[in-house]
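Student:
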Amino acid sequence: MSARGKARRRALDILFEAELRDEDPLRILAERVERQEPPVNEYTSAIVEGVARHHARIDELITTYAEGWTLDRMPAVDRNLLRGGTYELLWMPDVPAGVVISEWVHLAGELSTDESPQFINGLLARFKQLKSSLTL
Numbered sequence: 001m002s003a004r005g006k007a008r009r010r011a012l013d014i015l016f017e018a019e020l021r022d023e024d025p026l027r028i029l030a031e032r033v034e035r036q037e038p039p040v041n042e043y044t045s046a047i048v049e050g051v052a053r054h055h056a057r058i059d060e061l062i063t064t065y066a067e068g069w070t071l072d073r074m075p076a077v078d079r080n081l082l083r084g085g086t087y088e089l090l091w092m093p094d095v096p097a098g099v100v101i102s103e104w105v106h107l108a109g110e111l112s113t114d115e116s117p118q119f120i121n122g123l124l125a126r127f128k129q130l131k132s133s134l135t136l
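Here my numbering is used: the first residue of the sequence shown is 1, the next is one more, and so on.
Here it is in structure tokens:
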């Protein structure tokens with residue numbers, strides 16, 4: 001797994017933990033940075049901070065475009081995969097969109113249901129397609 005792939009995985013872990021504990025992801029991130037076990041990559045921090053900063057808009061986009069699914073019905077890991085992937089895809093233009101989608105779909109395949117990779121792929125591909133028309 002690439003350094004950024006590991007950073008994405010770590011960001012997902014932090015976002016998922018924050019949701020399960022009903023805590024601010026920035027607080028969980030700060031704890032991990034302070035502890036440094038394992039060390040927190042800058043890219044991990046960028047994803048978690050970005051998701052926290054744009055949380056309302058990201059969830060609005062997911063809710064709008066996830067046909068037939070509400071956020072509450074999605075597995076928690078899928079919600080957080082989509083949050084991380086959406087942030088990286090829409091707000092981090094230095095990373096090729098295809099790489100972003102592939103990496104988050106790969107994580108879905110490792111960590112979620114059999115249907116999740118296709119679902120994550122479809123929604124992130126839709127955001128890629130609509131990127132220029134979405135108001136961020």
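Just so you know, even glycine gets a beta-carbon here, dropped at the ideal spot from N, CA and C.
#1: In whole angstroms, give me the CA-to-CA distance for Y65 and R126.
#2: Using a Cβ distance threshold of 8 Å, determine whether the region 46 to 53 contacts the region 20 to 30, with at least three qualifying pairs required.
#3: Nearest CA to the CA of V105: which residue from L71, Q118 and E67?
#4: Hey, out of K128, S112 and T70, whose CA is closest to F16's CA?
#5: Indicate whether L123 and L89 have their beta-carbon atoms separated by less than 7 Å.
#6: Between R10 and the rest of its own chain, which residues show a CB-CB distance below 6 Å, the 5 nearest in sequence each way excluded?
#7: With H, G and I counted as helix, E and B as strand and the rest as coil, what does DSSP make of L134?
#8: Rounded to the nearest angstrom, what separates A108 and N80 at their Cα positions?
#9: Using CA atoms only, rank isn't needed, just tell me which of Y87, G98, R32 and S133 is closest to R53.
#10: Is any non-hydrogen atom of the ligand GTP found closer than 6 Å to the C-beta of H54, if you look at the structure I gave you?
#11: Could you check the C-alpha separation between V99 and K131 for me, to the nearest Å?
Tutor: Let's see:
#1: Within the sequence shown, numbered from 1, the residue matching residue 65 stands at position 65. Within the sequence shown, numbered from 1, the residue matching residue 126 stands at position 126. So the alpha carbons of these two residues sit roughly 8 Å apart.
#2: Look at the beta carbons and you see the region 46 to 53 touching the region 20 to 30: at least three pairs across the two are nearer than 8 Å.
#3: For the purposes of this step, residue 105 is taken as residue 105 along the sequence shown, with counting starting at 1. Comparing Cα-Cα distances from V105 to each of L71, Q118 and E67, the minimum goes to Q118.
#4: Position 16 of the sequence shown, counted from the start, is the residue given in the question as residue 16. Closest by alpha carbon: S112.
#5: The residue labelled residue 123 in the question sits at position 123 within the sequence shown. The residue labelled residue 89 in the question sits at position 89 within the sequence shown. It is not a contact, given that the beta carbons lie outside the stated cut-off.
#6: Here residue 10 is taken as the residue at index 10 of the sequence shown, counted from 1. These residues qualify, in order along the chain: T44.
#7: Here residue 134 refers to the residue found at position 134 when the sequence shown is read from its first residue. L134: coil per DSSP, three-state reduction.
#8: To locate residue 108, count along the sequence shown from 1; it is residue 108. To locate residue 80, count along the sequence shown from 1; it is residue 80. If I take the Cα positions, the gap works out to 10 Å.
#9: Taking the first residue of the sequence shown as 1, we reach residue 53 at position 53. For R53, the closest C-alpha among the options Y87, G98, R32 and S133 is that of Y87.
#10: Looking at this structure, you won't find the ligand GTP or any other ligand, since it has none at all.
#11: Working through the sequence shown from its first residue, we reach residue 99 at position 99. Working through the sequence shown from its first residue, we reach residue 131 at position 131. Answer to the nearest angstrom: the Cα atoms are 15 Å apart.
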